[in-house]
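Below: the structure, in structure tokens.
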């Protein structure tokens, strides 16, 4: 029954491949990359449940105590981990609240500029911080904001004010951290929105103008709905990252005085796991982080579909 | 055909660029998770076979050696065929220093080892200030040098427990007769310092400190003179002096008055206020109490430390200290302030102002401020017995040399340690050539002079090369004592002698409490050092009213991060080995 069918589909397949093989060749490398660097390492997730040893193969490692959950229990009973978890959430949420709308607003403003050359100059200047590494940004911040030697604080003192602990007091530090994050990213982040705006049919604007819509009406009824799907896709990706986030930014900005609000999971894993060689413990933390990350991703995707958007899949 | 080729080429170029973009884009999000997993992934494969090979070889060699000759492979201390080993060397990245892997001293060692033992030596540099991290990475990757050196015993222990370090005990016993210099220099005390009392394992050999002076308080002599003050002799007088510095900033610094820092510290307060902390310690503290609280070498949990930090807190809030100290990643900014002449006093290594020749603190002050501007040692802090108590270094507790299991040449490596401990080798490495790095004075003392090019010693007394010896030795204790004050190019020997004398006054020698491995200490050393600095730094900058609550809450964090577990296990082990005794036998 199935025998005559098979050659038929085979012919079809080969014809299809003859036509489109270049596409598959193009796809192969990223797939190999994903397989080697993202899927193969997952084998070692089992370290989270085992007592790690440098010289044993992971398959031969003995199971950790408490049915393999020793390191999860250890992590959750550790103050440092709790701080790191809390800080990851708060810092990422604040980033989302302040950092996410900023590029959208910036793109809208740029879009309304008539003087093209001015617009381009502003755009370029706004992109620049994106190309600075966080270590450099922190040393800039230190020169500007340090309590004794910082330029800003010197000015404040000379004007008769009190020193403001921008970097050495928990609450102020969070403010500085978030502000620098927004500053670094809003220009770069706006590119994708500008591209989306450029794709909106100009006839819509003309029609709206004929109907007597002003500038803000146009933004509200044409531009924003036009880039709505872009915004939502980016929001989903950001939400999926709520327990992730970069390593270099918090790491560069940390100092001993603010570690309680500045230590995030990424830096905690680095400090305790890689520097302290507690691989099992931090693999457990990493696994937890990933599982929660997937949960947030699914949640955001579900929300997106509820709002009638396509979501990620 | 051509078209197809071009399109294929373009397609693959695009794929490559896409893959590259993909990696940078996604790595930030997921890097922390796979990174710890991926790293060790490569390691087992690399070390597995060698791990088996090394002990097996040692075991096989042992019986054979006993039957035939005491030292099988060596003829007159030489291998028949040339062996090669790699040796870790610190890279200090000094401005204008010599290449740590290739200079006058490495050539000397290479030549000597080849002639004496037919062993080829290759040096592998590791950045000094991140040595623990770097040696960790090298060990995890299975690429560590055959002879590794670190200050951090917990790092060695962690790897030893994973089976990544060679047990030296059988090797030392088997080859004892081949290693006369090592034994003569280190003695049983340092060689067996870390020997496990139960299992008998020796994971590392402790280098010996020829100088035990540790930390001294320094003050600007010219500032004292300008204000008509004499050197403070009590804590109160020291405080008054700091206040006088602050109040007279205009006199001392003129237009830079706002930059004055009467007392300077870094974020490592436990080091930079060590003598203040030690002076608060109860002189009658029992060995047991000290040991149980002694995991942290900055004395964080010792009973009276809190009161010392309260004093610093008071000074900080009175504006006597620098407010930016905790924000700095390293000491460069503070160094620059000291060299520019804004700092009145500080505590640090006993020879700190004299180090680094032309780039030293005092040398810079003489250039930037004036000939009379200099730091001198003082000794103001006294304990409740009226003694100027301060810790000395123990004769061990310096660099520890160990062999990772990737080392295929344990005997050649031991011979290296032996060679490096030979009196004449130590002397050459420390003193170099006459007329180039030193001069011999009429008294016979060796005066170190500023060297150039390949002869520059990147570390004081070249300690980076004399890994079994730290401090002035020259292979002869009398010559060392005579030459100590002349060990710093261009420095007034009087100042060195004074600092040396103060550093030894009422010095306390640490004791070795060897109760085997404390399991709770493995892997937490770095984390706890970081936590300890957080406790100290936050307590110092707290408002005076909040001091107690800040201290208590940060100490609680420290204890929950592993500090308490260590103290409990130490107490348990003490009881097991010493019973009810509170002092060491």
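Chains as they are written, first to last, in our numbering: chain A, 1 to 313; chain B, 1001 to 1585. Where a beta carbon is used, it is the ideal one built from N, C-alpha and C, also for glycine. Since the model is a prediction, treat every value here as computed from it, not as a measurement.
The region 161 to 176 of chain A makes contact with the region 128 to 148 of chain A; the number of CB pairs closer than 8 Å reaches 3 or more. With contacts defined by Cβ atoms closer than 8 Å, residue 1393 of chain B and residue 1214 of chain B form a contacting pair. Neighbours of residue 1534 of chain B across chain A, judged by C-beta separation under 9 Å: 256, 257, 259, 260. Here residue 1556 of chain B is not near residue 1378 of chain B, since their CB atoms are 8 Å or more apart. CA-to-CA, the gap between residue 1467 of chain B and residue 1209 of chain B works out to about 10 Å. Three or more Cβ pairs drawn from the region 1292 to 1306 of chain B and the region 1276 to 1284 of chain B lie within less than 8 Å of each other, which places the two stretches in contact. In the three-state reduction of the DSSP assignment, residue 1179 of chain B falls in the coil class. The three-state secondary structure of residue 1111 of chain B, taken from DSSP, is helix. Residues are counted here when their Cβ sits less than 7 Å from a Cβ of chain B; for the region 132 to 150 of chain A these are 142, 146, 147, 148, 149, given in chain order. Look at residue 233 of chain A: its C-beta is not under 8 Å from any C-beta on chain B. Counting C-beta atoms within 10 angstroms of its own C-beta, residue 1236 of chain B has fewer than 16 neighbours from the protein chains shown and is therefore classed as exposed.
Within the same chain, 281 come within 7 Å of residue 74 of chain A by CB-CB distance, once the 5 residues on both sides are set aside.
At a beta-carbon threshold of 7 Å, the residues of chain A lying near residue 1327 of chain B are 142, 146, 167, 168, 255, ordered along the chain. Straight across, the Cα-Cα distance linking residue 1250 of chain B with residue 1319 of chain B is about 15 Å. Here residue 1369 of chain B is not bridged, per DSSP, to any residue. When rounded, the separation of the alpha-carbon atoms in residue 1412 of chain B and residue 1156 of chain B is 20 Å. The bridge partners DSSP lists for residue 1120 of chain B are B/1084.
For the region 46 to 66 of chain A, the beta-carbon criterion of a distance under 8 Å to any beta-carbon of chain B is satisfied by 47, 52, 53, 54, 55, 56, 57, 58. Residue B/1491 holds the alpha-carbon nearest to the alpha-carbon of residue 1363 of chain B among B/1491, B/1389, B/1274. According to the DSSP assignment, residue 1269 of chain B belongs to the alpha helix (DSSP H) that extends over 1269 to 1272. Nearest neighbour of residue 1524 of chain B by Cα position, chosen from A/273, A/171, A/72, A/306, turns out to be A/273. At a cut-off of 8 Å between beta-carbon atoms, residue 277 of chain A makes contact with chain B. Not flagged as an interface residue toward chain B: residue 111 of chain A, since no C-beta distance is shorter than 8 Å. The C-beta of residue 1162 of chain B comes closer than 8 Å to at least one C-beta of chain A.
Under a 10 Å Cβ-count criterion, residue 1585 of chain B is classified as exposed, with fewer than 16 other Cβ atoms of the shown protein chains found around its own Cβ. Residue 1264 of chain B sits close to residue 1346 of chain B, with the two beta carbons spaced by under 8 Å. Taking a contact as a CB-CB distance under 8 Å, the pair residue 1198 of chain B and residue 1516 of chain B counts as one, their CB atoms being some 5 Å apart.
Counted as a single uninterrupted DSSP element, the alpha helix (DSSP H) harbouring residue 1573 of chain B occupies residues 1564 to 1578. Note that the C-beta distance between residue 1458 of chain B and residue 1100 of chain B is below 8 Å. For residue 1339 of chain B, no CB of chain A lies under 8 Å from its own CB, so it is not counted at the interface with that chain.
Taking a beta-carbon distance threshold of 8 Å, residue 1530 of chain B counts as an interface residue toward chain A. No residue range can be given for residue 1318 of chain B, since it is assigned to no alpha helix (DSSP H) and is classified by DSSP as neither H nor E. Close to chain A, meaning a Cβ-Cβ distance shorter than 8 Å, are the following residues of the region 1552 to 1563 of chain B: 1556, 1557, 1560, 1561.
Of all residues in the region 1240 to 1269 of chain B, only 1267 place a beta-carbon less than 7 Å from a beta-carbon of chain A. With contacts defined as CB atoms closer than 8 Å, residue 1396 of chain B and residue 1193 of chain B qualify as a contacting pair.
Among the bridge pairs identified by DSSP, residue 1469 of chain B is matched with B/1208.
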